[in-house]
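Single-structure report; data block below.
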Amino acid sequence: MRKLFAKIHLWLSIPLGILISIICLTGAILVFEQEITQALNPNLYSVEAASGSTPLSPSQLAEAISRQVPDTLQLTSLQFAQDPDKPVWAGFRNAGRKTLSVNPYTGEVNGWSQSYPFLQEVRKLHRWLLDAPARKGEKSVGKVVVGVTTLLMVVILLSGLVIWIPRTSKALKNRLKISCTKGWRRFWYDSHAATGIYTLVFLLVMALTGLTWSFGWYRTAAYSLFGATPQTMEAGHGNAGKPQNMASASQRSHQNPGRQTDIDHRTSPHRKDTGKSENHPKGQQRLYRTWDQVLANLQQTYPVYTSIKLEQGSAQIVTSPEGSLRKSDTARFQNEDGVITGITTSGQAPASQKMKGYFYSFHTGTWGGIWTKILYCLAAFLGGILPLSGYYLWYKKKKGSPSRRNIR
Numbered sequence: 229m230r231k232l233f234a235k236i237h238l239w240l241s242i243p244l245g246i247l248i249s250i251i252c253l254t255g256a257i258l259v260f261e262q263e264i265t266q267a268l269n270p271n272l273y274s275v276e277a278a279s280g281s282t283p284l285s286p287s288q289l290a291e292a293i294s295r296q297v298p299d300t301l302q303l304t305s306l307q308f309a310q311d312p313d314k315p316v317w318a319g320f321r322n323a324g325r326k327t328l329s330v331n332p333y334t335g336e337v338n339g340w341s342q343s344y345p346f347l348q349e350v351r352k353l354h355r356w357l358l359d360a361p362a363r364k365g366e367k368s369v370g371k372v373v374v375g376v377t378t379l380l381m382v383v384i385l386l387s388g389l390v391i392w393i394p395r396t397s398k399a400l401k402n403r404l405k406i407s408c409t410k411g412w413r414r415f416w417y418d419s420h421a422a423t424g425i426y427t428l429v430f431l432l433v434m435a436l437t438g439l440t441w442s443f444g445w446y447r448t449a450a451y452s453l454f455g456a457t458p459q460t461m462e463a464g465h466g467n468a469g470k471p472q473n474m475a476s477a478s479q480r481s482h483q484n485p486g487r488q489t490d491i492d493h494r495t496s497p498h499r500k501d502t503g504k505s506e507n508h509p510k511g512q513q514r515l516y517r518t519w520d521q522v523l524a525n526l527q528q529t530y531p532v533y534t535s536i537k538l539e540q541g542s543a544q545i546v547t548s549p550e551g552s553l554r555k556s557d558t559a560r561f562q563n564e565d566g567v568i569t570g571i572t573t574s575g576q577a578p579a580s581q582k583m584k585g586y587f588y589s590f591h592t593g594t595w596g597g598i599w600t601k602i603l604y605c606l607a608a609f610l611g612g613i614l615p616l617s618g619y620y621l622w623y624k625k626k627k628g629s630p631s632r633r634n635i636r
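The sequence shown begins at 229 in the numbering used here and counts up by one.
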């Protein structure tokens, strides 16, 4: 049986090893895409709060922003952080996914959110081998190749585990350590075996969750396993460079039952004025003044939060530290007077939406904050080295240098 798994492990690893290295090494970089982007643009992602200074209200910020951006840009959202050293992020109707960093104390514009070409290419290489689909959700050769490689990577990892299982306790001790005094071949053999077992769980989690972006049938099966029906959508990694959109929320589904009023926004009174009148300058000014009241009410309702994002008729409240499981509460309000008509908590969200957040968090390592991200980055990097050490051992064996007896 071990010989069979050894052949499976070898003959899948030889053609797929380079692809696995590319996927793992690019994934290791993307784990800290958000932190890299912030480090390169500290002026966009932090502000200095002067002693005793008070943040401007949403309407004051909207007025200040309007004086600094072209008239063609219509403000559609403001995202406030409870952290006094973080900026407000402004979204616009005609600006795509780009958001504007604004000083919450002065209204001064800091600049647009950044997305670096190098990191964009790394993401394309990781997900599609640079062969991105023509449209979101469609297939491409690169996407299929990455999916098949990831699926077979699971087989390689499990077959490697079978090969690794020692026959005696003494052998177990040797399999868990790396010898540095018995030559390069022994070093790489020990590194390949020990590193593989230490990173096995992390690599399996990353592979099994990542497959949900490659194959619809796999996503359906994975979601169904947890009692959810997947929606026809695909979650991307493209937001990783925009921390204002990556913040996460803690579970609040049972903390305050009194706030869990799920009112259908299609029949809610605030739907009356979501038409063209709100696009008129006066209608927009009235909406921004309404945001003042909504923000004050939500800050009282949520004494502790990570961010509150105000939009027309709704607000998204994130309450857990950035980097945790992606959950948030959604409040709906009337645009004319700011009366909150209902709050849908993270626990009331559709099961498919929750599964999507779980799978993303466990794929990227954000579920446990900075420490799990460090572990994921290290595991992905070592996962990219494993095929290279495997090639070296295979080459040495084919070449016929030292006897296998010396590495047992």
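Every residue gets a Cβ at the ideal spot worked out from N, C-alpha and C, and that includes glycine.
Bear in mind the structure is a predicted one, so any value in this text is a computation, not a measurement.
Residue i - containing alpha helix (DSSP H), residue span
i    : result
L603 : I598 to K627
F587 : A579 to T592
T254 : R230 to V259
Y530 : Careful: Y530 lies outside any alpha helix (DSSP H) and carries neither H nor E.
P361 : Counting along the chain, P361 falls outside any alpha helix (DSSP H), and DSSP gives it neither H nor E.
Alpha-carbon spacing of residue i relative to residue j, whole angstroms
i    : j    : result
K231 : S574 : 49 Å
M474 : F260 : At M474, the pLDDT of 35 sits below 50, so the modelled position is not reliable and the matter cannot be decided from this model.
Y623 : A608 : 24 Å
F443 : A559 : 33 Å
G455 : W595 : 21 Å
R673 : T457 : Lying before the first or after the last residue shown, residue 673 is absent from the chain, which here runs from 229 to 636.
T409 : W416 : 12 Å
K601 : T254 : 14 Å
G324 : L301 : 11 Å
N338 : L386 : 50 Å
Y604 : K364 : 27 Å
R517 : S294 : 14 Å
G258 : G566 : Contrary to the premise, residue 258 reads as Leu rather than Gly in this sequence. If you take the alpha carbons of L258 and G566, they lie about 40 Å apart.
I524 : T327 : A small correction: the amino acid at residue 524 is Ala; Ile does not occupy that position in the sequence shown. Looking at the two C-alpha atoms, the distance is approximately 23 Å.
R414 : K398 : 17 Å
I391 : G628 : 21 Å
G618 : T427 : 15 Å
M583 : M434 : 15 Å
R179 : I393 : What is shown of the chain runs 229 to 636, which leaves residue 179 out entirely.
S535 : E349 : 30 Å
A421 : L404 : 8 Å
F308 : V382 : 42 Å
V373 : Q544 : 37 Å
M229 : K235 : 10 Å
Y446 : T423 : 28 Å
V376 : Q262 : 28 Å
K367 : T378 : 16 Å
E539 : L306 : 7 Å
N563 : P283 : 23 Å
L244 : L380 : 8 Å
D520 : D359 : 46 Å
Which residues DSSP lists as bridging residue i, in chain order
i    : result
L328 : A318 and W340
V642 : Residue 642 lies beyond the residue range present for the chain, which begins at 229 and ends at 636; the question has no answer from this structure.
I536 : F308 and I545
T572 : T558
Residue interval of the beta strand (DSSP E) (run including residue i)
i    : result
T558 : D557 to F561
L306 : L303 to A309
Which of helix, strand or coil DSSP assigns to residue i
i    : result
S294 : helix
K352 : helix
D520 : helix
R514 : helix
Y333 : coil
T265 : helix
P283 : coil
H493 : Interpretation of H493 is limited by its pLDDT of 36, a score under 50 that renders its predicted location unreliable; the figure taken from the coordinates is listed afterwards. If DSSP states are grouped into helix, strand and coil, H493 belongs with coil.
### Task
Would you mind listing the alpha helix (DSSP H) stretches within the stretch 377-457 that are 4+ residues and don't spill past its ends, in chain order?
Given a length threshold of 4 residues, each whole run of the alpha helix (DSSP H) inside the stretch 377-457 is given here in chain order: 397-403, 412-438 and 444-453.
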